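Trainee: When the count follows UniProt numbering, it moves up by one through the sequence shown with no breaks and lands on 343 for the last residue.
One structure, as structure tokens, below. Some questions next.
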Amino acid sequence: MYNLIKPIFFKYDPEVIHHKVFNWIKTVNKIPGVSSVIRGVYCLEDKKLEREVFGIKFKNPVGLAAGFDKDAKLYEELKNFGFGFIEVGTITPVGQPGNDKPRMFRLVEDEALINRMGFNNEGVDEMVIRLKNRKNSSLIIGGNIGKNKVTPNEEADEDFVKCFEKLFDYVDYFVVNVSSPNTPGLRDLQDKEPLKKLLFRLQQLNQAKVKSKPILLKIAPDLTNEQLDDIIEIVQDTKIAGVIATNTTISRNGLRSNPELVKQMGGLSGIPVKDRSTEVIRYLSQKSNKSFPIVGVGGIHSGDDAIEKLKAGASLVQIYTGFIYKGPGLVKEINQKILEEGI
């Protein structure tokens with residue numbers, strides 16, 4: 001079914017069709033009985049798929065990566081496609097429009113996307129209002145938090161703290177996003193000392209709560225092995241719950257698509273980042289002696305791609321670009337493959 005309608009979707013600007021499909025999913029799920037039909041088609045439930053990772057029990061290990069439901073407007077409907085968890089955001093303290101349009105580009109020949117969205121979102125207060133209306137307490141939701149574009153790096157900690165405090169009662173885990181290439185200077189926060197300072201600050205607040213929540217760090221695929229060694233040290237020193245590997249890449253190696261598209265600024269996602277993402281997962285897992293969980297994301301467009309990430313050392317996986325290119329059936333395909341492989 002998705003293969004029949006995808007050519008129509010792909011005739012539109014990627015951001016325009018994203019919002020059209022978003023609204024369509026929201027609308028059709030309001031029709032009595034439709035949600036049940038969608039769940040019947042796409043959901044696969046099996047005790048063997050359940051995972052307990054960083055203290056949270058997941059119905060299955062396949063999640064939706066941040067960026068798709070930036071403002072927590074569609075998480076209830078998206079769960080009907082069989083996801084084990086949904087990550088909302090990246091959210092910032094104050095709403096911001098993001099970068100100028102056009103800011104998302106399809107590289108069809110490479111099954112990839114380039115985006116330079118720039119953390120466009122309505123702000124954390126608006127997200128809290130929506131999450132307060134959460135109907136399904138069994139739905140695992142992660143909150144991906146970032147800094148506003150206008151906030152200087154010296155004050156970035158305060159932005160993360162504001163998001164953390166306001167979202168704390170409404171999400172199940174947090175993701176600190178300092179790895180997007182689309183906010184000027186943001187990746188500088190991946191440097192050892194500023195990152196350590198930020199994570200210690202958040203952990204201090206976290207441990208003061210009646211019950212703390214897992215904090216994960218999302219990293220770029222463009223880090224060197226020496227920088228990955230620093231990440232391992234930081235995770236172990238700060239005792240955060242784990243790492244999401246990886247975000248989009250600034251590399252453009254080996255692309256076959258139209259050079260006019262390839263030269264667009266922004267983060268590249270999809271198949272071209274698959275191998276590097278898996279390399280990062282394997283390196284972190286082996287060098288740390290599997291001392292913390294890793295969520296694998298980057299170029300997962302099939303069940304085999306997900307198995308590759310899990311065998312490399314990931315405990316959970318997330319999809320985004322694969323969801324756009326392959327459709328919602330990808331979630332079920334991955335879960336079926338996990339059952340077949342007995343992983």
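The beta-carbon is built from N, C-alpha and C at its ideal position, and this holds for glycine as well.
Bear in mind the structure is a predicted one, so any value in this text is a computation, not a measurement.
Would you mind working out which of Ile140, Glu77, Val176, Asn335 sits nearest Gly33, comparing C-alpha positions?
Mentor: For the residues Ile140, Glu77, Val176, Asn335, the minimum Cα distance to Gly33 belongs to Glu77.
Trainee: How big is the Cα-Cα spacing for Thr183 and Thr151?
Mentor: So the alpha carbons of these two residues sit roughly 10 Å apart.
Trainee: Taking Gly296 and Ile281 to be in contact with their CB atoms under 8 Å, please state how far apart those CB atoms are, rounded to whole angstroms.
Mentor: Yes, Gly296 and Ile281 are in contact; Cβ-Cβ is about 5 Å, under 8 Å.
Trainee: Tell me whether the beta-carbon of Arg276 lies closer than 9 Å to the beta-carbon of Thr246.
Mentor: Result yes, Cβ atoms of Arg276 and Thr246 sit closer than 9 Å.
Trainee: Val28: buried (16+ other C-beta within 10 angstroms of its C-beta) or exposed?
Mentor: The residue in question, Val28, is exposed, as its Cβ has fewer than 16 Cβ neighbours within 10 Å.
Trainee: In whole angstroms, what is the alpha-carbon distance linking Asp125 and Glu341?
Mentor: Approximately 43 Å between the Cα atoms of the pair.
Trainee: Rounded to the nearest angstrom, what separates Ile38 and Ser288 at their Cα positions?
Mentor: Roughly 40 Å between the two C-alpha positions.
Trainee: Tell me the rounded alpha-carbon separation between Lys147 and Asp157.
Mentor: Lys147 and Asp157: Cα-Cα distance of roughly 8 Å.
Trainee: Please return the same chain residues whose Cβ sits closer than 6 Å to the Cβ of Leu310, not counting the five positions on each side in sequence.
Mentor: So the qualifying residues of the chain are Ile343.
Trainee: Taking all protein chains shown into account, decide if Met265 is buried (16 or more other Cβ within 10 angstroms of its Cβ) or exposed.
Mentor: With fewer than 16 other Cβ atoms within 10 Å, it is exposed.
Trainee: Relative to the alpha-carbon of Met1, which residue among Thr248, Glu15, Leu113, Val41 has its alpha-carbon at the smallest distance?
Mentor: Checked all of Thr248, Glu15, Leu113, Val41; the closest Cα to Met1 is Val41.
Trainee: Roughly how many angstroms lie between the CA atoms of Lys20 and Asn136, to the nearest whole one?
Mentor: Taking the straight line from one Cα to the other gives about 25 Å.
Trainee: Hey, how far is the Cα of Asp230 from the Cα of Phe83?
Mentor: Taking the straight line joining both Cα atoms gives about 32 Å.
Trainee: By the 10 Å Cβ neighbour count, where 16 or more other Cβ atoms means buried, how is Gln236 classified, buried or exposed?
Mentor: It is exposed - the Cβ of Gln236 has fewer than 16 other Cβ atoms within 10 Å.
Trainee: Counting pairs of beta carbons, one from the stretch 168 to 179 and one from the stretch 98 to 108, are three or more of them closer than 8 Å?
Mentor: Segments in contact, no.
Trainee: Excluding sequence positions up to five away, which residues of its chain have a Cβ less than 7 Å from the Cβ of Thr278?
Mentor: Same-chain partners within the cutoff: Glu308, Lys309, Ala312.
Trainee: Starting from Gly142, follow its DSSP beta bridges and name the residues at the other end.
Mentor: Its beta-bridge partners are Glu87, Tyr173.
Trainee: So what's Gln318 in DSSP terms, helix, strand or just coil?
Mentor: The answer is strand: DSSP assigns Gln318 an E or B state.
Trainee: What are the boundary residues of the beta strand (DSSP E) that Val295 is part of?
Mentor: First-last of the beta strand (DSSP E) with Val295: 294 to 297.
Trainee: Let's test the definition: count the other Cβ atoms within 10 Å of the Cβ of Pro93 and tell me whether it reaches 16, buried, or not, exposed.
Mentor: That one is buried.
Trainee: By alpha-carbon positions, which one of Ile5, Ile129, Phe68 ends up nearest to residue 381?
Mentor: The displayed coordinates of the chain run from 1 to 343. Any statement about residue 381 would go beyond what the structure contains.
Trainee: How should Gln190 be labelled, buried or exposed, when 16 other C-beta atoms within 10 angstroms of its C-beta is the threshold for buried?
Mentor: With 16 or more Cβ atoms within 10 Å of its Cβ, Gln190 is classed as buried.
Trainee: Shortest alpha-carbon distance to Asp271 belongs to which of Leu284, Leu255, Tyr283, Lys263?
Mentor: For the record, residue 271 in the displayed sequence is Ile; it is not Asp. Looking at the Cα atoms, Leu255 is the closest of the given residues.
Trainee: Leu113 to Lys59, Cα distance in whole Å?
Mentor: Cα to Cα, the separation comes out at about 29 Å.
Trainee: Please give the ranges of any alpha helix (DSSP H) in the stretch 199 to 251, keeping only runs that are unbroken, at least 4 residues long and fully inside the region.
Mentor: Here the runs fully enclosed are 225 to 238.
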